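*Asks:*
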Amino acid sequence: MKRLLAALLFAPALAFAAGAAIHLDKAPNVQGDKAALQSGARTFVNYCLNCHGASFVRYTRLTELGLSEQQVRDNLMFTAEKIGEPMRVAARPAEQKVWFGAAPPDLTLIARARSSADGSGADWLYTYLRSFYVDERRPTGWNNVVFENVGMPHALWQLQGMQVLNKDHKLELAVPGSLSAAEYDKVVGDLVGFMVWLAEPDAGFRKNLGIGVLAFLVVLFGFAYALKKAYWKDVK
């Protein structure tokens, strides 16, 4: 009886551990590179914002990437009238559910939500967006190595081209796209970097503030130690 109870107790953990790990490629870190983040924002607006929203971030925050409000209005703001509005899609969730079977998820926090033991959310997105392949069995005509039977089509296929799974279950490029492999990886890296920024636009400030606080504590410790020595110098 004790053995049975122990087996039932540890069965979920064993089943979870037995799952195949996903190999994730390391995403480039472009945080702090405003040119790369601007490039990622442009790709996001042109290819992702048609279906996916980023409704927890307002267009006005894009000025923190080195863009003026006029540049945001002219080049990135196609789903709103005022720059203070959130980055929403024009389609309604109920309409998207009818068209796609399910409403595409909001991408504001996707870079944090996809973090796992296999790698960071950025690594997952970077690998995912480079792992689509042609699959005629799927309704969209596309499948993905990282997210099997995904309902999303390959929105960037014109840039990357068409990949297929060969007999060794490895991805190979069958039809070239408008970009070389290196150029496509750069576009995806910038796009993923922008989605990382979307998830926490104040991350840079938070990290710099943390460094400043630690430096202050080091200086404070010096003064406190000197004061302690001054108070206790006559104590035997």
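Here this note's numbering is used: the first residue of the sequence shown is 847, the next is one more, and so on. In this text, a Cβ means the ideal position worked out from N, Cα and C, and glycines have one as well. Since this is a predicted model, take the numbers as computed values, not measurements.
(1) Quick one: grab the DSSP three-state call for Leu798.
(2) Consult DSSP for Ala936 and reduce its assignment to one of helix, strand or coil.
(3) Just to check my reading of the structure: Val1021 and Tyr972 have Cβ atoms closer than 8 Å, yes? What is that Cβ distance to the nearest angstrom?
(4) How would you call Ala1045, buried or exposed, if buried means at least 16 neighbouring beta carbons within 10 angstroms?
(5) If we count the other Cβ atoms within 10 Å of its Cβ and call it buried at 16 or more, is Tyr1071 buried or exposed?
(6) Pop quiz: Gln1006 and Gly987 are said to be a contact at Cβ under 8 Å. What is the actual Cβ separation, rounded to whole angstroms?
(7) Using 8 Å as the threshold, is the stretch 952 to 967 in touch with the stretch 912 to 924, meaning 3 or more CB pairs across them?
(8) Exposed or buried, what is Leu922 when buried is set at 16 or more other beta-carbons lying within 10 Å of its beta-carbon?
(9) Quick check on Leu1073: buried or exposed, where buried means 16 or more other Cβ atoms within 10 Å of its Cβ?
(10) Which whole-angstrom value is the C-beta distance of Ala887 and Phe1040, which I expect to be below 8 Å?
(11) What three-state label does DSSP hand Ala900 in the structure shown?
(12) Report the residue from Lys1079, Leu1055, Arg960 and Glu1029 whose alpha carbon sits nearest the alpha carbon of Val820.
(13) Just to confirm, is the Cβ distance from Phe924 to Leu1037 under 8 Å?
(14) Tell me whether Val1081 is buried or exposed, calling it buried when 16 or more other Cβ atoms sit within 10 Å of its Cβ.
(15) Within 10 angstroms of the Cβ of Arg976, are there 16 or more other Cβ atoms? Answer buried if so, exposed if not.
(16) Can you list, in chain order, the stretches of the alpha helix (DSSP H) that have 4 or more residues and sit fully within the stretch 984 to 1018?
(17) Counting C-beta neighbours from all protein chains within 10 Å, is the total for His898 16 or more, i.e. buried, or is it exposed?
*Replies:* The relevant details are as follows:
(1) There is simply no residue 798 to check, as the chain begins at 847 and stops at 1082 in what is shown.
(2) coil
(3) Between Tyr972 and Val1021 the Cβ distance is about 22 Å, and since that is not below 8 Å, they are no contact.
(4) buried
(5) exposed
(6) The pair is not a contact, with the Cβ atoms about 15 Å apart (cut-off 8 Å).
(7) no
(8) buried
(9) exposed
(10) 5 Å
(11) strand
(12) Only positions 847 to 1082 of the chain appear in this structure, which leaves residue 820 out of reach.
(13) no
(14) exposed
(15) buried
(16) 1003 to 1006
(17) buried
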